[in-house]
Each structure stands twice: as structure tokens, then as C-alpha cells.
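Here the structure comes first, spelled out in C-alpha cells, and everything after it is commentary.
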Amino acid sequence: MANANKQQGWLRSTFPINGEVLKELSNEPVPYHIKRWWYALGGTPAYLLIIQVLTGMMLTFFYVPSTTQAYDSVAHITHNVTFGWYIRGVHKWAGHLFIISLILHMCRVFFTGAFRKPREFNWMIGVALIMTALGLGFTGYSLIYEQLSYWASVVGTNIAEATPIIGQYLARFIRGGEEISQSTLTRFFVLHIGVLPTVIAVLVGMHILQIRLHGVSELKPEDKDKKEKHFPFFPDHILTELTIGILLFFLLTILTLVFPPEMGEPANPNVTPSHIKPEWFFFFTFRWLKLVPFEVGIIGNICAGVFILFWPFVDRGLEKCFPKKDIYVYVGIVGFVTFITFTVWEVLV
Ligand code: HEM
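Heads up, the sequence shown is in the working numbering, so the first residue is 363 and it goes up one at a time.
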């Protein structure tokens, strides 16, 4: 008994944390509409990110970032390592669901107008997050070093090269030279397992800090003071997120069992495949680049990125010119329908 008290005393002096303050901090009241998944979608990419980090670490134990061994090491993980196919499958599917959940989360934030004052900066952090997530998808696909993923990285770096003014430097920096080589694979590997996950972690930290500072937006701002419309973050909301997490784990397992990860042909820099396809989340840009002259397409892509980044301020201008017309809803519908149409079009050709 005396020993237990001594240990408690040691714990308290080492971690002088006030339980009451901790309770206060974790008990932030959350608006009632967050009980619905559509409104609480932000927790889903957070969960999938953790799954990707854990499975990614396991894959790194066996992956060899060398142009002569990368493909064989992925094949070894897939066919020989115990449960290697499962870990690779869960990592891959978590990556796809991560991007899908980010798009859905972005849509809910957009269509509920939650990007408006005072959350403009958090919207911009979100845009940086989705861009970094796309970078993770691109570098991860290239690591497999199979024919399709190799040529997707050739096309991707060629697109970067066409960026006005900085394009040549950018492409040389990404490739580590004039062509895809060992230096490129090393860079993609470092970006994929180190730089981009760190950037995501910092951005998620800033994103959550902003959410804590402003609270989650109210569905109807006039309900703000009605306390009965709120529920505690801990344990209620955490339990909802845990339930979603368990369901997602089953979904990832089912997807991996039904569509296990496969191996294509090994990369051959001398043979260009007849159909070069990036991952589905780049289909939209790929289709757009095929529709217009290349330079116009690149400039269009950059303009679209800047437009989305600064959207809350564009919206403020539109709101001033056309008050109460909810122009943002029409902009959102046009943007979303174009995205889906271009993506499906690219799937079908
Ligand atoms: C790893 C990526 C992301 C994570 C983990 C994340 C997480 C979250 C969480 C947990 C919330 C609280 C409410 C909710 O669950 O929906 C939230 C709100 C928010 N997110 Fe994200 N998010 C991410 C990416 C994005 C993206 C891509 C955007 C938009 C471009 C964005 C913009 C916002 C905004 C503006 C809010 C405040 C919404 C409100 O107060 O109603 N987030 N995010």
C-alpha cells in the first residue's frame, strides 16, 4: 500500500497534470449535428492516416528503394512475407479511402459554408493537406517500380517540368537529374516515408488546433447558446469515432480480401506502354490535360489550385456582390460534377 502511494507520488511529481484541467480540455461541447457521420467526416481521414503510418512502417522493413531491387522486394512482400499481402493491401486501400474521405470531408465543409470567417485559414490548411495527400499517393505508386507506375512517374515529372518559370528546376529537383533514375527513386522514397508524412502531421496538428480555437461550426449560428444542443467530446464523440474506426477496419479487410494487391510487369524504361494511367485521383487532371493544349492545361491546373486555396476570399467577394444568393452552392455543384465527369470519362476510355 505504502509502495503504491509512493509510486503515485512519483507519477504526480513527474507528470504534474491536473486531472480537472484535463477533463475540462477534453470535454469540449460539440454541436449535436456532429453525431451524423457526414458532419464528423474529419475523423475518418485521421484514422486512415494512422493505419497508413503503421502499415507503412511494416512495409518499410522489407522494401528496398533500389531500381534493381524495388520490384522484387514488393513481390517478396506480396508472395513470401507472412501476411505481407494483407499489410500491403490494407496500406493501399487505406490510401484510396483516405483520398475519398478527404474529398467527402472537403465537400461537407464546402456545402455547409464552414470555410467562412473565422475558418478561412483552416480551409487553406485543408487544401495544403489534400495536396500533400496527393503527393503521398503519387510517390507511393512510383515506389512499386512496375511498368505502369514507372511510366506514371515519367508523365508526372514531365507535367511538373511544364510549369511556367520554375518547371525545369522543379523537375530536376524531383528527378535528381534529367531522367527517372536511382536518384528519383531515392527521392520518392524519402518523400513518401519521411518528408510528406511529417508535413501531414504538422498540418493536421495546425488543423486540429484551429478547430479547438474556433470550435466546430454550428449548423445554424443562432443555436450557438442553446446548451442542450451540445454533447461532450469525451466520451460520447470519441466512442462514435471508435465505432467508425472498427467499421473502417472491417471495410479495409474486406477490400483487401476481395481485391488483394497484385504485381504488374516490372518497369522497362525502353518500352512505353500503349496505355499510361495514373492513379484514379489524377484522372481528373489527366483528362483535362488531354482536352486542351498542354501549356494551357498546366496554367489551368495552377489557376484551379490557387482558386481553391483562396476560395473563402473569392466567396466573400461574391457574397458582397450577390448577397443571399448562395452562389457558393452553384460553384460547388459545378466543381463537383466536373470532377466526377472527368474522372468517369477517363475510367471509360
Ligand atoms: C488529413 C486530413 C484532414 C483531417 C484529419 C481533418 C480533420 C478534421 C476534423 C476532425 C474536423 C472537425 C469536424 C469534422 O469532423 O468534420 C475538421 C474540420 C474542418 N476541416 Fe478538416 N481535416 C482534414 C482535411 C481537410 C481538408 C482537405 C479541408 C478543406 C480543404 C478541411 C477543412 C476543414 C474545415 C474548414 C473545418 C472546420 C469545419 C467546421 O467547423 O464545421 N479539412 N477537419
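Quick reminder that beta carbons are idealized off the backbone N, C-alpha and C, glycines included.
Note that the coordinates shown come from a computational prediction; the quantities given were computed from them, not determined experimentally.
Review point. Exposed or buried, E590, counting other C-beta atoms within 10 Å across all chains shown (16 or more means buried)?
Key: Unreliable positioning characterises E590 in this predicted model, as indicated by a pLDDT of 46, which lies under 50. The coordinate reading is nonetheless provided below. Classification for E590: exposed.
Check your understanding: If you check the beta carbons only, do I606 and G405 fall under 8 Å apart?
Key -> yes
Check your understanding: What does H592 pair with, by DSSP beta-bridge criteria?
Key -> P393
Practice item. Taking N389 and F596 to be in contact with their CB atoms under 8 Å, please state how far apart those CB atoms are, rounded to whole angstroms. Key: 6 Å
**Study point:** Near the ligand HEM: Y433 beta-carbon under 7 Å from a heavy atom
**Key:** no
Check your understanding: Can you list the alpha helix (DSSP H) stretches of 4 or more residues lying completely in the stretch 541–583, in chain order?
Key -> 544–552, 558–576
**Study point:** Beta-carbon separation (whole angstroms), A533 vs E523, contact threshold 8 Å
**Key:** 4 Å
Exercise for review: Say yes only if the C-beta of I492 is nearer than 7 Å to one or more non-hydrogen atoms of the ligand ATP, and no if none qualify.
Suggested key: Although the ligand ATP was asked about, the structure shown includes only the ligand HEM as ligands.
Exercise for review: Decide if the stretch 462–481 is in contact with the stretch 414–421; the criterion is three or more beta carbon pairs, one per stretch, under 8 Å apart.
Suggested key: no
Review point. What do you get for T376, buried or exposed, if any count of 16 or more other CB atoms within 10 angstroms of its CB means buried?
Key: exposed
Practice item. Pull up the CB-CB distance for F611 and E708, whole angstroms please, since I reckon it's below 8 Å. Key: In fact, because the Cβ distance is near 31 Å, the residues do not count as touching under 8 Å.
Exercise for review: Please find out if some non-hydrogen atom of the ligand HEM comes closer than 7 Å to the beta-carbon of A476.
Suggested key: yes
Exercise for review: Please state whether DSSP places P655 in a helix, a strand or coil.
Suggested key: coil
Review point. Are there three or more Cβ pairs, one per stretch, closer than 8 Å when the stretch 489–503 is compared with the stretch 613–630?
Key: no
Exercise for review: Go to D677, then tell me how far its alpha helix (DSSP H) extends in each direction, as first and last residue.
Suggested key: 673–683
Review point. Does the separation of the CB atoms of Y448 and T618 fall below 8 Å?
Key: yes
Exercise for review: Compute the Euclidean distance between the alpha carbons of K652 and T430, then round it to the nearest angstrom.
Suggested key: 33 Å
Exercise for review: Counting only the same chain and skipping the five closest in sequence on each side, list residues whose C-beta sits under 8 Å from that of F698.
Suggested key: C469
Check your understanding: What does a CB cutoff of less than 7 Å around T422 pick up in its chain, not counting 5 residues either side in sequence?
Key -> I555
**Study point:** Identity of the residue in L609, P674, P559, L403 nearest I462 by Cα
**Key:** L403
Exercise for review: Enumerate in chain order the residues of its own chain whose CB-to-CB distance from L558 is below 8 Å, with the five nearest sequence positions on each side excluded.
Suggested key: T494, G497, L498, T501
Review point. Can you tell me where the alpha helix (DSSP H) with E382 in it begins and where it stops?
Key: 381–388
**Study point:** Simplified DSSP assignment, three categories, for E641
**Key:** coil
Check your understanding: Who are the near neighbours of G694 in its chain, counting only those whose CB is closer than 7 Å to its CB and skipping five residues on each side?
Key -> F472, F473
Practice item. Kindly list the residues whose CB is nearer than 7 Å to the CB of W400, restricted to its own chain and excluding five residues on each side of it in sequence; keep chain order. Key: R470
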